[in-house]
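Heads up: the sequence shown is residues 35 to 289, going by my numbering.
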Amino acid sequence: MKALRWIFVTFAVPVVLIALWTLFAEIANSLYWPSPVKIVGVFPQTWLDGQLSTDVLPSLTRLAIGYICAVVIALILGIVVGSFRRLRLYLEPVFELFRAIPPPLLVPIVMLFTGRGAGMQITVIAFGCLWPILINTVEGVRGIDMTQLDTAKSYRISGWRRLTTVVLPAASPKIFVGARQALSIGIIMMVISEMFVSTDGIGFNIIQFQRLFQFKEMWSGIILLGIVGVVANVIFKFIERRVLRWYVGMQTQER
Numbered sequence: 035m036k037a038l039r040w041i042f043v044t045f046a047v048p049v050v051l052i053a054l055w056t057l058f059a060e061i062a063n064s065l066y067w068p069s070p071v072k073i074v075g076v077f078p079q080t081w082l083d084g085q086l087s088t089d090v091l092p093s094l095t096r097l098a099i100g101y102i103c104a105v106v107i108a109l110i111l112g113i114v115v116g117s118f119r120r121l122r123l124y125l126e127p128v129f130e131l132f133r134a135i136p137p138p139l140l141v142p143i144v145m146l147f148t149g150r151g152a153g154m155q156i157t158v159i160a161f162g163c164l165w166p167i168l169i170n171t172v173e174g175v176r177g178i179d180m181t182q183l184d185t186a187k188s189y190r191i192s193g194w195r196r197l198t199t200v201v202l203p204a205a206s207p208k209i210f211v212g213a214r215q216a217l218s219i220g221i222i223m224m225v226i227s228e229m230f231v232s233t234d235g236i237g238f239n240i241i242q243f244q245r246l247f248q249f250k251e252m253w254s255g256i257i258l259l260g261i262v263g264v265v266a267n268v269i270f271k272f273i274e275r276r277v278l279r280w281y282v283g284m285q286t287q288e289r
């Protein structure tokens, strides 16, 4: 019974939305709003033939590299800044300033230094993903219970061991919150950077289809981005549950 309810809740809303979309498309009979059946019909030849290796995989590769770079940089900076109060007081306003800058505005500036290639797109993705992870890492490290740190000190746990056994586990729930936010930002920045100056990728093809009035293909690209987002979220949740197994269990018990 519980499984049936989960299936109903999960699929009921998408099914209703698709039905409404189909009904509206049939009534409107508009070039700009094709029915889901027509969109699904062009999806394989648009994205699963030659485009898979020439457009989809390059987009996902740039997204992965930019996201991983952002995670590594944010963790290193966040742990250092979060561990030292004086440094945090100096740098937190700077972090907030840079976080407030919309990453798409940096595309022309980044192009001056990196050119129009993949380096520019990876840099923009990394910049957009960096700030939620960095700020949440700083908050996570700053919010560690002093009792934990004092206990580690009394047992002479310091250096790398203190970082891996006390600091990172205690800060990891907040770090994962920032990483989840950054994932959706990364997908957005991937598309925007490709729409600006790229010659391949999902975003580039979507804007090309729009310019050529190939609206079925354009909508299929939007659907593909939705699929990428869902799959990325599923993978992220799997990793999060594995890493934060203790935290998820604790939250479940409290409920």
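All residues carry an ideal CB built from backbone N, CA and C; glycine is no exception.
Could you name the residues of the same chain whose beta carbon sits closer than 7 Å to that of residue i, not counting the 5 residues immediately before and after it, in chain order?
{"i": "R196", "result": "A186"}
{"i": "E108", "result": "Per the sequence shown, residue 108 should be read as Ala rather than Glu. Cβ within range, chain order: L164, I167, L168, T171."}
{"i": "V277", "result": "S206"}
{"i": "P68", "result": "A59, F249, K250, W253"}
{"i": "E173", "result": "K208"}
Rounded to whole angstroms, how far is the Cβ of residue i from the Cβ of residue j, which I believe are closer than 8 Å?
{"i": "M223", "j": "P137", "result": "6 Å"}
{"i": "L140", "j": "F161", "result": "6 Å"}
Have a look at the options and flag the residue whose alpha-carbon is nearest the alpha-carbon of residue i.
{"i": "I102", "options": "I256, T157, R275, G177", "result": "T157"}
{"i": "G33", "options": "M252, V262, M229, W253", "result": "The structure shown does not extend to residue 33, since the chain is modelled only from 35 through 289, so no value can be given for it."}
{"i": "A134", "options": "W253, C163, L202, N239", "result": "C163"}
{"i": "E126", "options": "F147, R176, G100", "result": "R176"}
{"i": "F118", "options": "F243, L38, V144, I178", "result": "I178"}
{"i": "A216", "options": "L57, V106, S192, N239", "result": "V106"}
{"i": "T233", "options": "F210, T148, P203, D89", "result": "D89"}
{"i": "R279", "options": "F129, F210, T80, M145", "result": "F210"}
{"i": "V262", "options": "G193, S192, L91", "result": "L91"}
{"i": "L246", "options": "W81, S87, Y66, S192", "result": "Y66"}
In angstroms, rounded to a whole number, what distance separates the CA positions of residue i and residue j?
{"i": "Q248", "j": "G116", "result": "50 Å"}
{"i": "A266", "j": "G260", "result": "10 Å"}
{"i": "I113", "j": "T171", "result": "7 Å"}
{"i": "S227", "j": "V71", "result": "30 Å"}
{"i": "T95", "j": "G153", "result": "12 Å"}
{"i": "S218", "j": "A104", "result": "13 Å"}
{"i": "S291", "j": "G255", "result": "For the chain, the structure presents residues 35 to 289; residue 291 sits outside this window and is missing."}
{"i": "V264", "j": "K271", "result": "11 Å"}
{"i": "K182", "j": "R275", "result": "The sequence given here places Gln at residue 182; Lys does not occur at that position. So the two alpha carbons sit approximately 23 Å from each other."}
{"i": "F58", "j": "G235", "result": "30 Å"}
{"i": "N239", "j": "I273", "result": "31 Å"}
{"i": "I269", "j": "G220", "result": "15 Å"}
{"i": "R190", "j": "V47", "result": "55 Å"}
{"i": "F147", "j": "L258", "result": "31 Å"}
{"i": "S188", "j": "G100", "result": "40 Å"}
{"i": "Y124", "j": "L111", "result": "13 Å"}
{"i": "G293", "j": "A98", "result": "With the chain represented from 35 up to 289, any question about residue 293 goes unanswered, as that position is not in the structure."}
{"i": "A62", "j": "A204", "result": "55 Å"}
{"i": "I241", "j": "G149", "result": "21 Å"}
{"i": "I159", "j": "V231", "result": "14 Å"}
{"i": "W194", "j": "I143", "result": "38 Å"}
{"i": "S87", "j": "D184", "result": "53 Å"}
{"i": "F45", "j": "I73", "result": "20 Å"}
{"i": "G84", "j": "M180", "result": "56 Å"}
{"i": "V49", "j": "S64", "result": "22 Å"}
Whose C-beta lies closer than 6 Å to the C-beta of residue i among residues of the same chain, with five residues either side of it excluded?
{"i": "V225", "result": "G237"}
{"i": "Q155", "result": "R96, S227"}
{"i": "A213", "result": "I167"}
{"i": "F77", "result": "S254"}
{"i": "F243", "result": "E251, M252"}
{"i": "M145", "result": "M154"}
If I measure Cβ to Cβ from residue i and keep anything under 8 Å in the same chain, skipping five residues before and after, which residues do I get?
{"i": "I52", "result": "P70"}
{"i": "L121", "result": "V114, V115"}
{"i": "V201", "result": "I113, S117, V175, I178"}
{"i": "T56", "result": "S69, P70, V71"}
{"i": "P199", "result": "The sequence as given places Thr at residue 199; Pro does not occur at that position. Around T199: A186, I191."}
Return yes when at least one heavy atom of the ligand NAD lies under 7 Å from the C-beta of residue i, else no.
{"i": "I73", "result": "Judged by which ligands are present, the structure shown has none, so any question about the ligand NAD falls away."}
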